[in-house]
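Numbering-wise, my numbering comes out as the position in the sequence shown, counting from 1, plus 123. Just so you know, even glycine gets a beta-carbon here, dropped at the ideal spot from N, CA and C. Below: the structure, in structure tokens.
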Amino acid sequence: MLLYAYAQKLNCWIFTSDIKPNSLTDYFDEYGTTNERMLAYSIKGTYHAEKGDWPASHYAYKMAITSADTTSANCDIHLLSRVYRDFALTLEKRADYDKASEAYEQARKYALMAKDSFALLIKQLYNCFLL
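Laid out in structure tokens, this is it:
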């Protein structure tokens, strides 16, 4: 179910009613790795953002970020970069541009660490449109 929800998220599909983000996070809080927890909370954040529930979305993204164990060699830095990017997009929709800018900077930092040149390019293009 986690991979199915992640595929929907990556392809910008609207989440269907068969995705239960609370059950995902509950399960992976107890049995999952830190990367799985980060992914589950990221999906939950996206789900709530699509529903317009900004406080729940904000909380879920914060939980996703705090779930990441950046000191571990197994930490999915690429995923963490994307979580920060998605969080920034959500903050931007709420017109919280200062916090969105901070989240974009964190996304850039982790994209550099993950050697994700595509994410860096998107960030640069975004900056050009803001000028």
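Check	Outcome
Nearest candidate by alpha-carbon position, reference M236, set Y164, T169, S204	S204
Exposure label - T189; buried when at least 16 CB within 10 Å	exposed
Secondary structure of D239, DSSP reduced to three states	coil
Extent of the continuous alpha helix (DSSP H) to which T189 belongs	177-190
CB contact flag (K174, T148, <8 angstroms)	no
Terminal residues of the alpha helix (DSSP H) in which D209 lies	200-216
Continuous alpha helix (DSSP H) stretch holding T93: start and end	Nothing about residue 93 can be reported from this structure: the residues present for the chain run from 124 to 254 only.
Cβ-based burial, S195 [other Cβ within 10 Å; buried from 16]	exposed
Cβ-based neighbour list, A218, same chain, cut-off 6 angstroms, excluding 5 preceding and 5 following	none
C-beta atoms of D199 and N158 nearer than 8 angstroms	yes
Cα-Cα separation between L126 and S180, rounded to whole angstroms	Low per-residue confidence applies at L126: pLDDT is 49, beneath 50, and the placement is therefore not dependable, though the value from the model is reported in the following sentence. Rounded to whole angstroms, L126 to S180 spans 20 angstroms at the Cα level.
Residue burial classification, T169 (beta-carbon count within 10 angstroms, cutoff 16)	buried
Rounded Cβ spacing between T156 and Y184 (contact assumed at less than 8 angstroms)	Actually they do not touch by this definition, with Cβ atoms about 19 angstroms apart.
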